[in-house]
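To keep things clear, I will list the structure first and then write my remarks on it.
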Amino acid sequence: MRTRIQNPGTPLHVALLACCLAASVHAAPVAVRLNSIGFLSNFPKQASVAAPGTNFAVIRQSDSAVVFRGALSGPRTNSDTGEALWTADFSGFNTPGAYQIEVPGVGRSAPFRIGSDIYLEPFYVVTRGMYLWRCGTAVRGTHGGHTYAHAVCHTNDAWMDYVGGGHVRMDANGGWHDAGDYNKYVVNAGVTVGCLLRAWVDFEPAIRRVGLDIPESGGPLPDFLAEIRWELDWLLRMQATNGAVYHKVSTRDFCPFIMPEHEKDERYFVPWGSAATADFVAMLAMASRCYRPFDAAYADRLLAAARLSYRFLRENPSHHSPDQRGFSTGGYGTRDPDDRLWAAAEMWETTGDAIALRDFEERARAINGRVDINWDWGEVANLGLLTYLFSERSGRDGELVAVIRSNLLASADAIVRARDDHGYARPLGTRYYWGCNGGVARQVLVLQAAYRLTGEKRYRETSADALNHLFGRNVFGRSYVTGLGFEPPMHPHDRRSGADGIAPPWPGYLVGGPNPRARDWHDVEEDYRTNEIAINWNGALIYALAAFLEPAP
Ligand code: 9MR
Ligand code: 9MR
Ligand code: ZN
1 MRTRIQNPGT PLHVALLACC LAASVHAAPV AVRLNSIGFL SNFPKQASVA
51 APGTNFAVIR QSDSAVVFRG ALSGPRTNSD TGEALWTADF SGFNTPGAYQ
101 IEVPGVGRSA PFRIGSDIYL EPFYVVTRGM YLWRCGTAVR GTHGGHTYAH
151 AVCHTNDAWM DYVGGGHVRM DANGGWHDAG DYNKYVVNAG VTVGCLLRAW
201 VDFEPAIRRV GLDIPESGGP LPDFLAEIRW ELDWLLRMQA TNGAVYHKVS
251 TRDFCPFIMP EHEKDERYFV PWGSAATADF VAMLAMASRC YRPFDAAYAD
301 RLLAAARLSY RFLRENPSHH SPDQRGFSTG GYGTRDPDDR LWAAAEMWET
351 TGDAIALRDF EERARAINGR VDINWDWGEV ANLGLLTYLF SERSGRDGEL
401 VAVIRSNLLA SADAIVRARD DHGYARPLGT RYYWGCNGGV ARQVLVLQAA
451 YRLTGEKRYR ETSADALNHL FGRNVFGRSY VTGLGFEPPM HPHDRRSGAD
501 GIAPPWPGYL VGGPNPRARD WHDVEEDYRT NEIAINWNGA LIYALAAFLE
551 PAP
């Protein structure tokens, strides 16, 4: 049963009623909305208040003592929700502990913490979400007193019928299930692994301190890399002998809400695509750098596979859409120039190959070094641009570096402005679409890059605002991540969560979010357009959380 905040003095029977109703019909949202995980000391701390008030207090949870008082500012009109919002700013209060905000006449906020380690548990839970997504093996994890588990699944992956060779099986075991469905799509692996490896590159020391309690823990690889290896090993199986990479492994149609080990429909390789092939090159070339210090033989294997596919791509320069006739599952159809740009960047960074450098630079010039503000599986150019921009290799075109740098800062500034203009400080402003919560988290890659280039703290603070929004400073006053924060999603579009008979869903998953408008999020299982979970959204969130594992300024 979800935790609900009771006003002090609420009669017990009312409390119980509210509690029972909450399971089906959601009660009116709390009016004082903030990040229910909490705040890092020395960071700005704000709540949005959706009701008129004048003053507020920070109340210590243990004894209800008032530890800070302030005046609300506002109101301002938040355009996408049409609300008048006041702001409670308690940035001046930094004492670690557990608190609530109280606005007289309005009510109390969700409980939250102030501290330096507040994102440790979220990072652990959300990253373990990747482990719990593993296909081809049994998984198990405990959270909030429940044990979530499934048996070995999909060990027959996959049939070759659609890729030549007839009804023959070739090994495509492993990898992560994509989302609330159990298929495995290379293009979506691309942006996911790209963001995860970027997190490793940017925050390795902090990430290494967090044990993930996965089967490989204690082995030669850091846990984080061991988890990503589960996906990489599957990707290696998606490569055809000529270097082309199959677009996906999938059933013909989505299965019902059953556990993965009960899905017995036949799964097939789906023909190759040039975007999938380019993403494969980028992921494996990047991974080769990351894994080399721990396992040189594996790094060599990754690089050899990346080289083969890169050569294939160079020899097949035109866009190639996979033939997905016969499949109604996730399409992930995308033009390939951005994927090829990313592939070239990673090949160059890993090998120093002059051909790859020229390939990247031509492609980067063709888009005028544009840095996307809002990007997901269909727009991975940013990953290549970041690799090039922060490269320590010689040979870069200084002019192009300058253009990308200035575009990156301009995009980061645009994100900061969108945050400033939004009543819930949402860095994506008023854009809503399928998976926009992932988009909010993914903006942190651009913001952190700007922060690293300039040391300007507005970029880091806007990164924190992405997390603030996702963990409760939003029109619903709720966390969008299962198992974490205040009133998290209870009915995500996730087959495991729907089928396992346990009331709370599998923990550590960011749901897609409002789509197509600000208020259009529904915590109901059927609503896959707003309430599904997916590896690419978690991958972005993991990056954002990794950025705050250490209390840097
Ligand atoms: O369950 C499917 C979900 O994982 C996908 O993201 C979504 C969009 O491709 O489709 C869902 O499947 C629905 C199908 O498209 C239409 N019939 C209802 C299915 C929901 O179970
Ligand atoms: O994230 C994808 C979103 O951008 C698309 O608009 C949507 C419809 O094609 O599909 C989303 O991806 C789903 C995929 O097709 C199947 N697995 C679940 C993914 C998340 O909903
Ligand atoms: Zn599986």
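Each step along the sequence shown adds one to the number in the numbering used here, with nothing skipped, and position 480 is 480. Idealized CB from N, CA, C, for every residue including glycine. None of the values given here were measured: they were computed from a predicted structure.
> What runs of the beta strand (DSSP E), each 3 residues or longer, lie entirely inside the region 101-154?
Replying inline: As far as the region 101-154 is concerned, its whole beta strand (DSSP E) runs of at least 3 residues are 112-115, 139-143 and 146-150.
>> Please state whether the Cβ-Cβ distance between I404 and Y424 is less than 8 Å.
In response: The sequence position of residue 404 within the sequence shown is 404, counting from 1. The sequence position of residue 424 within the sequence shown is 424, counting from 1. Not closer than 8 Å, so no.
> Where does the unbroken alpha helix (DSSP H) through A364 begin, and where does it stop?
Replying inline: Numbered from its first residue, the sequence shown carries residue 364 at position 364. Start and end: A354 to A366.
> Do you know offhand how far D161's Cα is from Y246's?
Replying inline: For the purposes of this step, residue 161 is taken as residue 161 along the sequence shown, with counting starting at 1. For the purposes of this step, residue 246 is taken as residue 246 along the sequence shown, with counting starting at 1. Looking at the backbone, the Cα of D161 and that of Y246 are separated by about 13 Å.
> Quick one: is G439 buried, meaning 16 or more other Cβ sit within 10 Å of its Cβ, or exposed?
Replying inline: As a first step, residue 439 must be located in the sequence shown, where it is residue number 439. G439 comes out buried.
> For N382, is the classification buried or exposed, using 16 other Cβ atoms within 10 angstroms of its Cβ as the cut-off for buried?
Replying inline: Sequence index remark: in the sequence shown, residue 382 carries index 382 (1-based). Per the 10 Å Cβ criterion, buried.
>> Bridge partners for Q239 per DSSP, in chain order?
In response: By one-based count along the sequence shown, residue 239 stands at place 239. DSSP, once it has assigned bridges, lists V245 as partnering Q239.
>> Does the region 467-485 come into contact with the region 28-37, if we say contact requires no fewer than three beta-carbon pairs (one atom in each stretch) closer than 8 Å?
In response: Yes, they touch.
> Looking at G569 and ligand 3, is the gap between the Cβ and the nearest heavy atom below 7 Å?
Replying inline: Any question about residue 569 goes unanswered here, given that the chain covers just 1 to 553.
>> Looking at the strands, I want to know which residues DSSP matches up with G184.
In response: Residue numbering aside, residue 184 sits at position 184 when the sequence shown is read from its first letter. Gly is not the amino acid found at residue 184; the sequence shown has Lys there. According to the DSSP secondary-structure assignment, K184 is paired through a beta bridge with V249.
>> The beta strand (DSSP E) that contains N78, what's its start and end?
In response: To locate residue 78, count along the sequence shown from 1; it is residue 78. Unbroken beta strand (DSSP E) run through N78: S73 to N78.
>> I believe A544 touches S479 by the beta-carbon criterion, under 8 Å. Please report the beta-carbon distance rounded to the nearest angstrom.
In response: Here residue 544 refers to the residue found at position 544 of the sequence shown. Here residue 479 refers to the residue found at position 479 of the sequence shown. Not a contact, Cβ separation roughly 14 Å.
> Looking at the structure shown, is H493 part of a helix, part of a strand, or coil, going by DSSP?
Replying inline: For this step, residue 493 is matched to residue 493 along the sequence shown. In the structure shown, H493 sits in a strand (DSSP, three-state: E or B).
> Secondary structure at V32, three-state DSSP: helix, strand or coil?
Replying inline: Indexing the sequence shown from 1 puts residue 32 at position 32. The three-state secondary structure of V32, taken from DSSP, is strand.
> What does a CB cutoff of less than 6 Å around Y185 pick up in its chain, not counting 5 residues either side in sequence?
Replying inline: Translated into positions along the sequence shown, residue 185 becomes position 185. Within the same chain, Y185 has close Cβ partners D178, K248, G330 and Y332.
> Between which two residues does the beta strand (DSSP E) containing N55 stretch?
Replying inline: Your numbering for residue 55 matches position 55 in the sequence shown. It spans N55 to R60 - the beta strand (DSSP E) in which N55 sits, taken as one unbroken run.
>> Please tell me whether L341 and A306 are closer than 8 Å, where the distance is taken between their beta carbons.
In response: Within the sequence shown, residue 341 is the residue found at index 341, counting from 1. Within the sequence shown, residue 306 is the residue found at index 306, counting from 1. Contact flag unset, no.
> Taking the Cβ atom as the reference point for each residue, do G136 and C153 lie within a distance shorter than 8 Å?
Replying inline: Along the sequence shown, read from residue 1 onward, the residue named residue 136 stands at position 136. Along the sequence shown, read from residue 1 onward, the residue named residue 153 stands at position 153. Taking 8 Å as the Cβ cut-off, G136 and C153 qualify as a contacting pair.
>> Given a cut-off of 8 Å on the beta-carbon distance, is the pair A449 and A343 in contact?
In response: Translated into positions along the sequence shown, residue 449 becomes position 449. Translated into positions along the sequence shown, residue 343 becomes position 343. Annotated as distal: A449 and A343, with beta-carbon spacing of 8 Å or more.
> Would you say P260 touches ligand 3, meaning its beta carbon is less than 7 Å from a heavy atom?
Replying inline: In the sequence shown, residue 260 corresponds to position 260, counting from 1. Relative to ligand 3, the nearest heavy atom lies less than 7 Å away from the CB of P260.
>> According to DSSP, simplified to helix, strand and coil, what is S463?
In response: In the sequence shown, residue 463 corresponds to position 463, counting from 1. Here S463 sits in helix by DSSP.
>> My output table needs one value for V25: the three-state DSSP class, helix, strand or coil.
In response: Counting from one through the sequence shown, the residue named residue 25 turns up at place 25. Unreliable positioning characterises V25 in this predicted model, as indicated by a pLDDT of 49, which lies under 50. The coordinate reading is nonetheless provided below. Judged by DSSP in its simplified three-state form, V25 adopts coil rather than helix or strand.
> For Y268, is the beta carbon positioned less than 7 Å from some heavy atom of ligand 2?
Replying inline: By one-based count along the sequence shown, residue 268 stands at place 268. For ligand 2, not one heavy atom lies less than 7 Å from the Cβ of Y268.
> Buried or exposed: where does S24 fall if 16 or more other Cβ atoms within 10 Å of its Cβ makes it buried?
Replying inline: As a position in the sequence shown, residue 24 is number 24, starting the count at 1. Confidence at S24 is low in this model, with a pLDDT of 41, below 50, so the placement of that residue is unreliable and no value is reported for it.
> Mapping DSSP to helix, strand and coil, what is Y543?
Replying inline: What you label residue 543 is simply residue 543 of the sequence shown in a count that begins at 1. The answer is helix: DSSP assigns Y543 an H, G or I state.
> Roughly how many whole angstroms lie between the Cα atoms of L21 and H522?
Replying inline: In the sequence shown, the residue the question calls residue 21 occupies position 21. In the sequence shown, the residue the question calls residue 522 occupies position 522. Legend: pLDDT at L21 = 40, less than 50; position of this residue unreliable, value from coordinates given subsequently. Each residue's Cα considered, the two are about 16 Å apart.
> Is V191 near D376, with beta carbons less than 8 Å apart?
Replying inline: In the sequence shown, residue 191 corresponds to position 191, counting from 1. In the sequence shown, residue 376 corresponds to position 376, counting from 1. Yes, they are a contact pair.
>> Quick check: the Cα distance between E204 and G211, rounded to an integer number of angstroms?
In response: By 1-based counting over the sequence shown, the position of residue 204 is 204. By 1-based counting over the sequence shown, the position of residue 211 is 211. Rounded to the nearest whole angstrom, the C-alpha separation of E204 and G211 is 13 Å.
>> For A15 and S62, I'd like the C-alpha separation in whole angstroms.
In response: Mapped onto the sequence shown, residue 15 falls at position 15. Mapped onto the sequence shown, residue 62 falls at position 62. The pLDDT assigned to A15 is 36, lower than 50, so where the model puts this residue is not dependable, and the model offers no usable value.
>> I want to know whether the region 220-230 touches the region 247-262 - three or more CB-CB distances under 8 Å.
In response: These segments do not touch.
> For the beta strand (DSSP E) that contains F269, what are its first and last residues?
Replying inline: If you number the sequence shown from 1, residue 269 lands on position 269. For F269, the enclosing beta strand (DSSP E) starts and ends at Y268 to W272.
> For Y131, is the beta carbon positioned less than 7 Å from some heavy atom of ligand 5?
Replying inline: No copy of ligand 5 appears in this structure; the ligands present are ligand 1, ligand 2 and ligand 3.
> Which residues in the same chain have their Cβ closer than 6 Å to the Cβ of V30, if we skip the five residues on either side of it in sequence?
Replying inline: Counting from one through the sequence shown, the residue named residue 30 turns up at place 30. In chain order, G477 place their CB closer than 6 Å to the CB of V30, counting only its own chain and leaving out the 5 sequence neighbours on each side.
>> Considering Cα atoms alone, identify which of T127, V446, E102 and L303 is closest to S64.
In response: Against the sequence shown, residue 64 aligns to sequence position 64. With respect to the C-alpha of S64, the residue from T127, V446, E102 and L303 having the closest C-alpha is E102.
> Is DSSP giving I415 helix, strand or coil here?
Replying inline: Stepping through the sequence shown from its first residue, residue 415 is reached at position 415. Helix.
> Of the residues R60, W86 and F294, which one's Cα is nearest the Cα of H422?
Replying inline: Here residue 422 corresponds to residue number 422 of the sequence shown, with the count starting at 1. Per the Cα distances, W86.
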